[in-house]
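Heads up, the sequence shown is in the numbering used here, so the first residue is 6 and it goes up one at a time.
For glycine and all other residues, C-beta sits at the position ideal for the given N, C-alpha and C.
Bear in mind that the values here come from a model prediction, so they are computed numbers and not experimental data.
Scroll down for the structure; my scribbles are underneath it.
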Amino acid sequence: MPKPLAAARLAIKALAALGVAAYAAAALVTVGDVLGRQVGLPIIGVVDLVQLFVMAGTWLVMPHAFLAAAHVGVDFLISRLPRRARHALHVMAALVALVLLALMLWQGFATFETRTMFGDSSQQLGIPIAWYWYPLLLGLGLCLPGVMLWLVAALREASDE
Numbered sequence: 006m007p008k009p010l011a012a013a014r015l016a017i018k019a020l021a022a023l024g025v026a027a028y029a030a031a032a033l034v035t036v037g038d039v040l041g042r043q044v045g046l047p048i049i050g051v052v053d054l055v056q057l058f059v060m061a062g063t064w065l066v067m068p069h070a071f072l073a074a075a076h077v078g079v080d081f082l083i084s085r086l087p088r089r090a091r092h093a094l095h096v097m098a099a100l101v102a103l104v105l106l107a108l109m110l111w112q113g114f115a116t117f118e119t120r121t122m123f124g125d126s127s128q129q130l131g132i133p134i135a136w137y138w139y140p141l142l143l144g145l146g147l148c149l150p151g152v153m154l155w156l157v158a159a160l161r162e163a164s165d166e
């Protein structure tokens with residue numbers, strides 16, 4: 006595998022691990038708050054923290070879902086198609102995903118600029134709203150190479166016929 010592809014795969018997997026760690030942090034903060042409330046020591050800003058961790062987890066794991074082709078599919082229909090039609094659909098789906106993700110990234114960045122221009126922050130802890138947007142933009146940005154790697158795999162599979 007060429008070095009840029011290997012580096013992209015490694016970056017996507019590292020961010021996915023970071024996303025899983027963010028989910029774990031959300032769970033730990035929630036459990037810590039529940040236990041803390043039992044003894045009169047709730048975690049201040051638990052909602053802000055959990056929202057930030059879940060947001061980060063979701064968007065940092067997303068590129069790996071594309072890379073692994075682990076997204077939702079209708080396999081029981083596609084598996085009945087001839088091999089060439091299946092490969093053509095995989096390629097077409099990857100191309101559509103690339104276009105949609107590029108549009109989402111473009112519009113996401115425009116919204117990020119607007120939200121940060123006003124200096125928005127979270128309600129309880131005053132966390133700058135940009136912190137919620139950074140994982141979204143990074144995840145969307147890395148979805149593009151994730152889909153490209155998926156497209157390369159689909160094209161290789163189609164050419165192996």
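Item to check | Distance cut-off 6 Å: I83 Cβ against heavy atoms of the ligand NAP | outcome: The ligand content of the structure shown is nil, which means the ligand NAP is not present either.
Item to check | First through last residue of the alpha helix (DSSP H) which encompasses G124 | outcome: Run containing G124: none; DSSP gives neither H nor E here.
Checklist entry - Which of the three DSSP states, helix, strand or coil, is assigned to P9? => result helix
Next on the checklist: Can you tell me whether P140 is helix, strand or coil according to DSSP?
Outcome noted: helix
Item to check | P133, DSSP secondary structure in three states | outcome: strand
Checklist entry - Which class does R85 belong to by DSSP, given the choice of helix, strand or coil? => result For R85, the three-state secondary structure derived from DSSP is coil.
Checklist entry - Ordered along the chain, which non-local residues of its own chain (more than five positions away) have a Cβ less than 6 Å from that of A102? => result V152
Checklist entry - Taking Cβ positions, are P140 and L65 nearer each other than 7 Å? => result yes
Checklist entry - Of the choices M109, H92 and V39, whose alpha-carbon is the least far from that of L149? => result M109
Checklist entry - Just checking, does the segment 87 to 106 make contact with the segment 30 to 41 on the three C-beta pairs under 8 Å criterion? => result no
Next on the checklist: Do L156 and G113 have their beta-carbon atoms positioned less than 7 Å apart in this structure?
Outcome noted: no
Next on the checklist: Can you look up P47 in the DSSP assignment and give me helix, strand or coil?
Outcome noted: coil
Item to check | Proximity winner among V59, D38, A70 and A93, relative to K18 (alpha-carbon distances) | outcome: A70
Checklist entry - Is there contact between the segment 34 to 48 and the segment 122 to 130, where contact requires at least three CB pairs shorter than 8 Å? => result no
Next on the checklist: Can you tell me whether D173 is helix, strand or coil according to DSSP?
Outcome noted: Nothing about residue 173 can be reported from this structure: the residues present for the chain run from 6 to 166 only.
Checklist entry - What did DSSP end up calling A90 once you bin it into helix, strand or coil? => result Here DSSP, grouped into helix, strand and coil, assigns A90 to helix.
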